[in-house]
Amino acid sequence: MDQTFGQLLKAIRREKGISQRELADKVGIDFSYISKVENDRMSPPSADTIQKICEVLQVSTELLLSKSGKLTGELSDAITSSPSAIKFMNEIKDMRLTDHEWDRMITNLKKLR
Numbered sequence: 001m002d003q004t005f006g007q008l009l010k011a012i013r014r015e016k017g018i019s020q021r022e023l024a025d026k027v028g029i030d031f032s033y034i035s036k037v038e039n040d041r042m043s044p045p046s047a048d049t050i051q052k053i054c055e056v057l058q059v060s061t062e063l064l065l066s067k068s069g070k071l072t073g074e075l076s077d078a079i080t081s082s083p084s085a086i087k088f089m090n091e092i093k094d095m096r097l098t099d100h101e102w103d104r105m106i107t108n109l110k111k112l113r
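Quick note: the sequence shown uses the UniProt record's numbering, first residue 1, plus one each step.
Written as structure tokens, this is what we have:
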């Protein structure tokens, strides 16, 4: 079974040896909120809060953002402000790429520059 956002957050936080209270203090949110999210009693926080959590836990933002199903405002703006970006996303949505295929695509895109 795939982990929920809360389960993944709890596992990462524990692996890093950080308490809920310490994480909450460093992110600037109430520790009871962290508890509720980790126990799947609340949905994942905003993308901006997830970014702060990732900074504190020193993990890639992609890991938790992908699990939350959320995009940062910056990323959303980059996609929605360009008709070509929307066309690109529409083209690839049906391709159902694996993580390996996404990584290969990123490598190839960087070569275009």
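Idealized CB from N, CA, C, for every residue including glycine.
Asked	Found
Does the structure place the stretch 92-106 close enough to the stretch 26-35 that three or more beta carbon pairs sit under 8 Å?	no
Residues in the same chain with beta-carbon distance under 6 Å from Lys10, minus the five sequence neighbours each way, listed in chain order, please.	Glu38
Quick check on this structure: which residue in Ile79, Arg113, Val56 has the alpha carbon closest to the alpha carbon of Gly17?	Val56
Rounded to whole angstroms, what is the Cα-Cα separation between Met42 and Lys36?	6 Å
Is it true that the CB of Ala24 sits closer than 8 Å to the CB of Ile34?	yes
Could you give the distance in angstroms between the alpha-carbon of Arg14 and the alpha-carbon of Ser82?	40 Å
Output the residue ranges of the alpha helix (DSSP H) runs that lie fully inside the UniProt domain "HTH cro/C1-type" (9-64) and measure 4 residues or longer, sorted by chain position.	20-27, 31-38, 47-57
Let me confirm a value: Leu109 is counted as buried when at least 16 other C-beta atoms fall within 10 Å, else exposed. Which label applies?	exposed
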